[in-house]
Amino acid sequence: MAEKHLMCGNEALSEAAVAAGCRCYFGYPITPQNEVTAYMSRRMPEVGGQFVQSESELAAINMVFGAAVVGARAITTSSSPGISLMQEGISYIAANELPAVIVNVMRGGPGLGNIGPSQADYFQATRGGGHGDYRTIVLTPASVQEIVDHVILAFDLADRYRNPVLILIDGVLGQMVEPVEIAPPPAADLPAKDWALTGCKGRPPNKSRSLILGENELLEMNRRLQEKYRAIEAAEARHEAVDAADAEILLVAYGSPARTCRSVVRKYRERGYRIGLFRPVTAWPFPSAALAECAKGASAVLVVEMSAGQLVEDVRLTLGPAANVLLLGKPGGEVIQAGELEAEIDRIIGLHKMKRR
Amino acid sequence: MTTVFKRPESLKDTETHYCSGCGHGIVHRLIAEVVDELGIRERVVGIAPVGCAVLAYEYFNFDVSEAAHGRAPAVATGMKRARPDLIVFAYQGDGDLAAIGMAEIIHAANRGEHITVFFVNNAVYGMTGGQMAPTTMLGQKTETTPRGRNALGEGAPIRVAELLAQFDGVKFVERCTVSKPRNVLKARAAVKTALSLQIEGKGFGFVEILSPCPTYWGLQPRVAMRMIEERMEEIFPLGRIKEPAAEG
Amino acid sequence: MEEERIVIAGFGGQGIMFLGKLLCHAGMLDGRHITYLPSYGVEVRGGTACCNVIISSEEIASPVITSPTTAIIMNTPSMIRYEPEIVKRGLLIVNSSIVDRHPKRKDIGVVMLPATTIADRMGNTRVANMVALGGFLSKSQIVKTETVLAAVGEVLPPYRQHLAELNRRAILEGKAAADAQGPDAIWSKITRGFGLG
Ligand SMILES: Cc1ncc(C[n+]2csc(CCOP(=O)(O)OP(=O)(O)O)c2C)c(N)n1
Ligand code: SF4
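Protein chains in written order, with the numbering used here: chain A, 8 to 364; chain B, 31 to 278; chain C, 7 to 203.
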């Protein structure tokens, strides 16, 4: 077993990228993810990698594009305003079908907002974010260890599907310190990058493009992309269910609010209430089938998120208009306190006259 | 039989989509010839801009990627950093490089990235229909400067070559043109110097090429070529702006 | 469940973050669950430094502390801010060399520890944080003192290793000083385990 280190989420994700064999980091400073740029500026030269503090997030994501198109593993990180600026590049990366890993340590918005922890970029992440019909795979870790595991997973998923993978972290997870183990992952069985632009020695030239003008050609390309997205939906939807099977109240949350939910579930279970937690681990593909199954017996589904209500739309889409889907949403870079959550649960218990068992 | 017009191996055997009298085709050919001559076809990677030359990968017979509008220098940075053994060049128009992509070109140049940039300056936006470019000359009429470009409010043409030459990371800057055979030969020599610089690992090389856009200048091809000599060269003087440092 | 939710706050430069990280490291070595959350960004610029440390026998929910079981307070503004937030029967460790007021609360245990004075006497004012930590170790069993002493060497960066011994001595001095403040205080009579409140 590898040794445990104390690391904050931002440092852990940096080291995990190194462990995943990534040797290209491009980024632009923004709080609350500055630990990453600082860490990578030290670490990349140590492992023979490249660190560039780019002139903007626009440049950073395009440097990622460049490294990816020649076959290298590359990562960039930012926080909400910077991720907005990257959307152009992410659309191009998706269109050119390049593997890339992007981390968004979300902060309060809109606009410059604040540097508090937030989950208000869920729509942007799960609906594509830039222009065109495309999807990014979205991972939502809830602990520093899971951040590490997800970074390693993200590089594999990106390579497997030739698709950008976004990791959504809120400011709390980026800043908090927990013990982690970072072990180099076992070699995954991934397709060869024969599409990469590595010089045309011994083969016809490769090209990478997204301007597709031929009649029906773009339609065909989009159909192919959609087929890929359906395959990803079928194979990669991930979730975690805690005490969900018999839950009368089902909480739905991801990231750091899911941690608060988990402890509240434990507390109410000890008191005899049938309450559970459903945690989407991938926000896209959204684990709809699993959620529908877990919510079957629930008389109330309470979505808990640090935004004005974004995840809740996927939950409503999954469960349909008949389901009793409620929202405890808090925008503005503010943490949801256990007390607020308990007050809401108590209200639901009262309303539905739920009994202890 | 003379073989002067033999197609370089680095150029595919296809018709280009460029208007007749356009400079892009000539510049493609120069680059292809030099790539052949330097024997780097199998390790060169080009970047096509967003502009009339966006389809460059249909013409060059080596690996080519598109980049988003103006971002070629950032893409080139990523490529070269990830694979220093590749010879990476960006091919950009004046809207691509000097308007939307000004930040990317300045910073790649200032970092002294080991890449080569070919800057095709035709003083208009060709692809979108002849609008004003940052290099449009004062008084020049375009789709968006119907009364002629006015320095007040529209700015004066930007001399990119001179702008970039000031950075220490930039090792070679030359402005040339394809207006007549003698100048084409000079342009070819500049392309060769710039790519050789990269092969030798010496730093950032930049070649600006004044190029005609007969279509949106509203001129016959031959007149357009004359226009470069009579008007453009006055504003964008030809010549070597920064010599590569001597050996050693 | 045994859990300490510790807020450590003072001026920048008082070693607040180091104190927090050392506690966490010891908690990890003792096999506890731990989280550490520094205040970041704008807040840091006001000259205050603060971190949240949770050490628990069980998996930790949010690393954000709203009702601390313990506050280790190194300056007056932090005292004003955090004293009201401490849970009933919680613990307040005050660096009385710097904090110019007495706590108002009667329902918490208080250790007034002249940490800076003790550190100065030991020849290095910067180990006041370790003296305060000793005060905490005197009243809480969440981590073992031996573990903390052992962790000092692991948490100090290589170029500070020569200060390890001084840091350890400061911890023990602080602990002794707090021990001397009597076993009759309420905090020593209760098992310091807290619900999730
Ligand atoms: C973000 C974005 N904005 C605008 C455009 C539209 N556009 C395509 S090419 C171009 C200008 C090209 O002009 P130039 O770089 O001078 O190249 P030329 O076509 O003259 O060779 C513009 C504005 C685009 N593709 N992307
Ligand atoms: S529009 Fe101008 S730049 Fe574009 S192909 Fe035609 S002549 Fe060339």
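Where is the CB? At the ideal position from N, CA and C, for every residue including glycine.
Residue i versus residue j - alpha carbon distance
| i | j | result |
| --- | --- | --- |
| A163 (chain B) | Y155 (chain B) | 6 Å |
| H108 (chain C) | P120 (chain C) | 13 Å |
| A199 (chain A) | V108 (chain A) | 18 Å |
| L173 (chain A) | T123 (chain C) | 51 Å |
| E42 (chain A) | D128 (chain A) | 21 Å |
| G316 (chain A) | A24 (chain A) | 31 Å |
| M34 (chain C) | Y236 (chain A) | 42 Å |
| V74 (chain B) | A98 (chain B) | 20 Å |
| D126 (chain C) | V137 (chain C) | 11 Å |
| G183 (chain B) | T174 (chain B) | 13 Å |
| S103 (chain C) | G89 (chain A) | 45 Å |
| K145 (chain C) | T151 (chain C) | 11 Å |
| V288 (chain A) | P191 (chain A) | 22 Å |
| I271 (chain B) | A290 (chain A) | 53 Å |
| A194 (chain A) | L180 (chain A) | 28 Å |
| S45 (chain C) | T325 (chain A) | 37 Å |
Residue i, DSSP secondary structure in three states
| i | result |
| --- | --- |
| R245 (chain A) | coil |
| F90 (chain B) | strand |
| S295 (chain A) | helix |
| H137 (chain B) | helix |
| L175 (chain A) | strand |
| S84 (chain C) | helix |
| R179 (chain B) | strand |
| I66 (chain C) | coil |
| S73 (chain C) | coil |
| S209 (chain B) | coil |
| A330 (chain A) | coil |
| H39 (chain C) | strand |
| I124 (chain C) | helix |
| L121 (chain B) | It is worth fixing the name first, because residue 121 (chain B) is Tyr in this sequence and not Leu. Strand, per DSSP. |
| R113 (chain B) | coil |
| Y246 (chain B) | helix |
| E204 (chain B) | strand |
| V57 (chain B) | helix |
| S95 (chain B) | strand |
DSSP beta-bridge partners of residue i
| i | result |
| --- | --- |
| C57 (chain C) | C:I14, C:P44 |
| G304 (chain A) | Looking at the DSSP assignment, G304 (chain A) forms no beta bridge with any residue, so it has no partner. |
| I144 (chain A) | A:V172 |
| L258 (chain A) | A:L284, A:L309 |
| E9 (chain C) | C:S62 |
| A107 (chain A) | A:P171 |
| V187 (chain A) | A:H12 |
Exposed unless 16 or more other CB atoms sit within 10 angstroms - verdict on residue i
| i | result |
| --- | --- |
| A251 (chain A) | buried |
| D124 (chain B) | buried |
| R286 (chain A) | buried |
| V54 (chain A) | exposed |
| Y32 (chain A) | buried |
| S62 (chain C) | buried |
| Q250 (chain B) | exposed |
| L358 (chain A) | exposed |
| Q57 (chain A) | buried |
| E139 (chain C) | Residue identity check: residue 139 (chain C) is Leu in the sequence provided, not Glu. So L139 (chain C) ends up on the buried side. |
| L119 (chain A) | exposed |
| P186 (chain A) | buried |
| A160 (chain A) | A quick correction: the sequence has Leu, not Ala, at residue 160 (chain A). When all chains shown are included, L160 (chain A) counts as buried. |
| G16 (chain A) | buried |
Residue-level contact to chain F via CB, residue i, 7 Å cutoff
| i | result |
| --- | --- |
| M93 (chain A) | Although the question refers to chain F, the structure presented lacks it and instead comprises the protein chains A, B and C. |
> Taking any Cβ of chain C, which residues in the segment 13-33 of chain A have a Cβ under 7 Å from it, in chain order?
Replying inline: Within the segment 13-33 of chain A, the residues whose Cβ lies closer than 7 Å to some Cβ of chain C are L13, listed in chain order.
> What are the residues of the segment 211-239 of chain A that lie near chain B, defined by any Cβ-Cβ distance shorter than 8 Å?
Replying inline: P212, N213, K214, S215, R216, S217, L218
> Relative to chain A, which residues along the segment 152-172 of chain C have a C-beta separation below 7 Å, given in chain order?
Replying inline: none
> If contact means a Cβ-Cβ distance below 8 Å, which residues of the segment 179-202 of chain A contact chain C?
Replying inline: V179, Q182, M183, V184, E185, P186
> In chain order, what residues of the segment 78-104 of chain B put their CB closer than 7 Å to some CB of chain A?
Replying inline: V84, Y87, N91, F92, D93, V94, S95, E96, A97, A98, R101, A104
> Got a sec: which bits of the segment 262-273 of chain A sit with their beta carbon under 7 Å from any beta carbon on chain C, in order along the chain?
Replying inline: S263, R266, T267, R269, S270
> Between the segment 333-345 of chain A and chain C, which residues of the former have CB atoms less than 8 Å from a CB of the latter, in chain order?
Replying inline: V342, Q344, A345
> Taking any Cβ of chain A, which residues in the segment 125-147 of chain B have a Cβ under 8 Å from it, in chain order?
Replying inline: A133, E134, I136, H137, R141
> What residues from the segment 61-72 of chain C come within 9 Å of chain A, judged by C-beta to C-beta, listed N to C?
Replying inline: E64, E65, I66, A67, S68, P69, V70, T72
> Using a beta-carbon distance cut-off of less than 8 Å, what residues from the segment 24-48 of chain C approach chain A?
Replying inline: K27, C30, H31, M34, I40, T41, Y42, L43, P44, Y46, G47, V48
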